[in-house]
Amino acid sequence: MNYKRTYFVVFLITIGFFISILKLIYIQFIEKDVYLKQIKSQYIGKEKVILPRGTIFDRNKRYMAISIPTLKLYTRPKFIKMSDEEKYQVAKELATILKVSSYKLLKKLNSDKSFSILATDINRSLKPKILEIKKKYGFAELGIIETSTREYPFKEIAGSTIGFVRKDNGLGGAAMEYKLNDKLGGGFAELVFLKNAARKPFMIIKEPEKRKIENAVLTIDVNIQYMAEEALKKLIKERHPKEASVIIMNPKTGEILANATYPNYDPNIYWKFKNQKNVSFHNAYEIGSLAKPFVMATAIETGKINLNQSIYCGNGKIIIDGVRIKDHKPFKYLTPAQVLIYSSNIGIIKVALNLNPMDFYKKLKDLGFGEKTGIFPGEASGILKPFKRKIDVAYASIGQSWIATPIQIAVAYSAIANGGYRVKPYIVKGFINSSSKYIEKNKTKVIRKVFDKKTIRWLKKILTLVVEKGTAKSGKSKYFTIAGKTGTAQKYDPQIKALSNDKFYTWFAGFFPVSDPKFTIVVFANEPKKIRKWEQIGGGKVSSTVLNNLIERLMFYYKEKPDKKGGRKN
Amino acid sequence: MKKHNAISFNQTLDKRELKKDINFAKKYLKHFIFISFILLLIVSYNYKNFQLNEEITKLNLEKQFLTAKNFQLKQKITSLSSPQRIEKIATQKLKMKPVTYKEVEFLEIK
Numbered sequence: 057m058n059y060k061r062t063y064f065v066v067f068l069i070t071i072g073f074f075i076s077i078l079k080l081i082y083i084q085f086i087e088k089d090v091y092l093k094q095i096k097s098q099y100i101g102k103e104k105v106i107l108p109r110g111t112i113f114d115r116n117k118r119y120m121a122i123s124i125p126t127l128k129l130y131t132r133p134k135f136i137k138m139s140d141e142e143k144y145q146v147a148k149e150l151a152t153i154l155k156v157s158s159y160k161l162l163k164k165l166n167s168d169k170s171f172s173i174l175a176t177d178i179n180r181s182l183k184p185k186i187l188e189i190k191k192k193y194g195f196a197e198l199g200i201i202e203t204s205t206r207e208y209p210f211k212e213i214a215g216s217t218i219g220f221v222r223k224d225n226g227l228g229g230a231a232m233e234y235k236l237n238d239k240l241g242g243g244f245a246e247l248v249f250l251k252n253a254a255r256k257p258f259m260i261i262k263e264p265e266k267r268k269i270e271n272a273v274l275t276i277d278v279n280i281q282y283m284a285e286e287a288l289k290k291l292i293k294e295r296h297p298k299e300a301s302v303i304i305m306n307p308k309t310g311e312i313l314a315n316a317t318y319p320n321y322d323p324n325i326y327w328k329f330k331n332q333k334n335v336s337f338h339n340a341y342e343i344g345s346l347a348k349p350f351v352m353a354t355a356i357e358t359g360k361i362n363l364n365q366s367i368y369c370g371n372g373k374i375i376i377d378g379v380r381i382k383d384h385k386p387f388k389y390l391t392p393a394q395v396l397i398y399s400s401n402i403g404i405i406k407v408a409l410n411l412n413p414m415d416f417y418k419k420l421k422d423l424g425f426g427e428k429t430g431i432f433p434g435e436a437s438g439i440l441k442p443f444k445r446k447i448d449v450a451y452a453s454i455g456q457s458w459i460a461t462p463i464q465i466a467v468a469y470s471a472i473a474n475g476g477y478r479v480k481p482y483i484v485k486g487f488i489n490s491s492s493k494y495i496e497k498n499k500t501k502v503i504r505k506v507f508d509k510k511t512i513r514w515l516k517k518i519l520t521l522v523v524e525k526g527t528a529k530s531g532k533s534k535y536f537t538i539a540g541k542t543g544t545a546q547k548y549d550p551q552i553k554a555l556s557n558d559k560f561y562t563w564f565a566g567f568f569p570v571s572d573p574k575f576t577i578v579v580f581a582n583e584p585k586k587i588r589k590w591e592q593i594g595g596g597k598v599s600s601t602v603l604n605n606l607i608e609r610l611m612f613y614y615k616e617k618p619d620k621k622g623g624r625k626n
Numbered sequence: 010m011k012k013h014n015a016i017s018f019n020q021t022l023d024k025r026e027l028k029k030d031i032n033f034a035k036k037y038l039k040h041f042i043f044i045s046f047i048l049l050l051i052v053s054y055n056y057k058n059f060q061l062n063e064e065i066t067k068l069n070l071e072k073q074f075l076t077a078k079n080f081q082l083k084q085k086i087t088s089l090s091s092p093q094r095i096e097k098i099a100t101q102k103l104k105m106k107p108v109t110y111k112e113v114e115f116l117e118i119k
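Quick note, the sequences are listed as chains E and V, same order. Heads up: the first sequence runs through residues 57 to 626, numbered per this note's numbering. Heads up: the second sequence runs through residues 10 to 119, numbered per this note's numbering.
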């Protein structure tokens, strides 16, 4: 064997290897800036392509959010080789098809930019016509990008519940669109426009990892949602509150059928709205007298009350731990039923003070107060802390000093309506594939039993009387039995450093028809204004506008027969 | 004479070579036919494939166009059937009024 030759070949290979390494070091470190500059000079532009996303349907499979395939038209004005006359003709013909100003198009064609977007959100069926123009004028620098646009055909109906898809990244930015990002897919691919050594432009597509796209079906019924929003609009027009909401829920299943909020927004133009909150989920408020049935329920179940006894209501005043609490009216002796019907603060405080504070706290906890339902992004949990002093119990019994979200109220009152069970509310009914078959279906989930049969029977009877002749009588229906409770909580006024006498949170929470409750309703308003100067703001009066405009309409939609004596057809 | 002999020798040689060539061709004729047949098959397959690809591209474009149109129509149908629009037409154009339970008769099926 000739070792000399072998050594020589090995030597040559090693030298070649070292030269390659040295060249790499030279490129990576010494000449780095030169090469970076060279790469940058090849770069023309970058454009995002929004990927299609799964559809969101309402419970009757009507399109609430849909990704429409669209086109984006771009050009590289710097590289256009056409006469001015030709450019003018192209701009004119494109403008006719795209329904945009030909002047603006011509301006873009005449600019000396490397990359320019001519038009976005173009109907994809126009592609053949655009290609025809491209061919006719030999317009090689006219490019078409296939993208998609998220559309919400019902505009602002359920806007704050559906949410929106961000224009910049094609992903859900709020509400259910955000919550369902993992299921609905979407996102964006990036197109990078570069030019090669011969200065000819070319394009690279950077696609994200492909995700499975599913279609979501919500529990919302667009028609009921519309009815709720129309009723809420009347309340807004009449009372000009800062915020308001109406929730309609099926008390037996936990399905949310409608969630009307004010402020609301049109997801098609979400960027034009400052406030994209959903009042029913994102904020927690003091619930006022809505807490009273829960005090009574605790008292009944712990045997701390005789339902036939009379409670002395202190003629409208009581002093606890040195703090004076007033009633909205001076009452002397009331039965437990009357305490709820006329919503006496002193009466309920006396019942609450008789309870073991932990029992009352546990009842509220069991009902879901102080914890998120977990069905909506950014949801507030409310605040509920154990009651240490007598005054804490007193305030808690009249719904002051602790806060809850409207959805928590809907869940708690649904428990009264459905026979004592706390059900988990839900907005997503399930997910379907492209052939409309369910691939995943959400079911009713009972969390726990929270009320006894005896308590439910009594509460249903008394809450019906609250609407028939108590604080909510202005909202009663001629044809249907409604059970419910009004609530009015004074707002804390930082200016006077005390509870305000003219700023309130007003509530109504109830269910109907009482014999077989099909709907739970919660009406909330933050700082509703007085209609008349001498009027006293209260949950009953404020909510009556919604109740009067919604309940019969809703029952008519479900073709329900009146259940009330006095209704003409019964 | 020498020249004549040389020509006749060459002719005999040509004939012999031709015969040899023909025999050779005869020997491989089957192979030649087989290869030609296979080549013909490949060419026609490619041609057919090309035609099919062209058709697939065309159909894909048509599918894309129809899908886009379908989505747009779905969106349009939804917008047209929106309760907002229906209520507006019913109350403003057709001067309809909401029905109350006062005007409803329930038919009992026994």
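For each residue, glycine too, the CB sits at the ideal point set by N, CA and C.
Are there 16 or more other CB atoms within 10 angstroms of the CB of residue i, so buried, or fewer, so exposed?
i        : result
E/ILE218 : buried
E/ARG222 : buried
E/ILE465 : buried
E/GLU294 : exposed
E/ARG180 : buried
E/GLU188 : exposed
V/ASN55  : exposed
E/ILE459 : buried
E/TRP514 : buried
E/ARG109 : buried
What residues are listed by DSSP as bridge partners for residue i?
i        : result
E/ARG380 : E/ILE375
E/TYR159 : In the DSSP output, where bridge partners are listed per residue, E/TYR159 has none listed.
E/ILE292 : Answer by DSSP bridge pairing: none, since E/ILE292 is not bridged.
E/LYS497 : E/GLY486
E/GLY241 : E/ARG109
E/ILE260 : E/VAL248
E/ASN271 : E/ILE488
E/LYS128 : E/ILE201
For residue i, which three-state DSSP category applies?
i        : result
V/PRO92  : helix
E/LYS266 : coil
E/VAL506 : coil
V/GLU117 : coil
E/LEU333 : It should be pointed out that residue 333 of chain E corresponds to Lys in this sequence rather than to Leu. In the structure shown, E/LYS333 sits in coil (DSSP, three-state: anything other than H, G, I, E or B).
E/GLU285 : helix
E/ALA316 : strand
E/GLU104 : The amino acid at residue 104 of chain E is misidentified as Glu; the sequence shows Lys. Strand.
E/MET138 : coil
E/LEU515 : helix
V/LEU103 : coil
E/VAL602 : helix
E/PRO386 : coil
E/PRO618 : coil
E/THR358 : coil
E/ILE86  : helix
E/ILE122 : strand
E/SER167 : coil
E/GLU342 : strand
E/SER399 : coil
Suppose the cutoff is 8 Å on Cβ atoms and the five residues either side in sequence are ignored; what does the same chain contact list for residue i look like?
i        : result
E/TYR509 : Contrary to the premise, residue 509 of chain E reads as Lys rather than Tyr in this sequence. These residues qualify, in order along the chain: GLY475 and GLY476.
Give me, in chain order, the residues of the same chain whose beta-carbon lies closer than 6 Å to that of residue i; leave out the 5 immediate sequence neighbours on both sides.
i        : result
E/ALA314 : ILE280, GLN281, ALA284 and ILE304
E/ILE106 : THR203, SER204, GLY226 and PHE244
E/GLY229 : PHE220 and ARG222
E/MET259 : LEU247 and PHE249
Which residues in chain B sit within 7 Å of residue i, going by Cβ to Cβ distance?
i        : result
E/VAL278 : The structure shown contains no chain B; its protein chains are E and V.
Using a Cβ-Cβ cutoff of less than 7 Å, which residues in the same chain neighbour residue i once the five nearest sequence positions on both sides are dropped?
i        : result
E/VAL449 : ALA408, LEU409, PRO413, PHE416 and PHE443
E/GLY403 : ILE367, CYS369, PHE387, LEU390 and VAL395
E/ASP114 : MET120, LEU274, ILE276, ASP277 and VAL278
E/SER530 : GLY596, LYS597 and SER600
E/VAL602 : ALA287, LEU288, LEU291, VAL302 and VAL579
The ligand NAD and residue i: does the residue's C-beta get closer than 8 Å to at least one heavy atom of that ligand?
i       : result
V/LEU38 : The ligand NAD is not part of this structure, which contains no ligands at all.
Runs of alpha helix (DSSP H) wholly within the segment 533-589 of chain E (minimum 4 residues, chain order): none
Any alpha helix (DSSP H) of 4 or more consecutive residues that is wholly inside the segment 20-63 of chain V: none
3 or more residues per run - each beta strand (DSSP E) lying fully within the segment 401-465 of chain E: none
Runs of beta strand (DSSP E) lying entirely within the segment 195-228 of chain E, each at least 3 residues, in chain order: Along the segment 195-228 of chain E, the beta strand (DSSP E) occurs as fully enclosed runs of 3 or more residues at 198-207, listed in sequence order.
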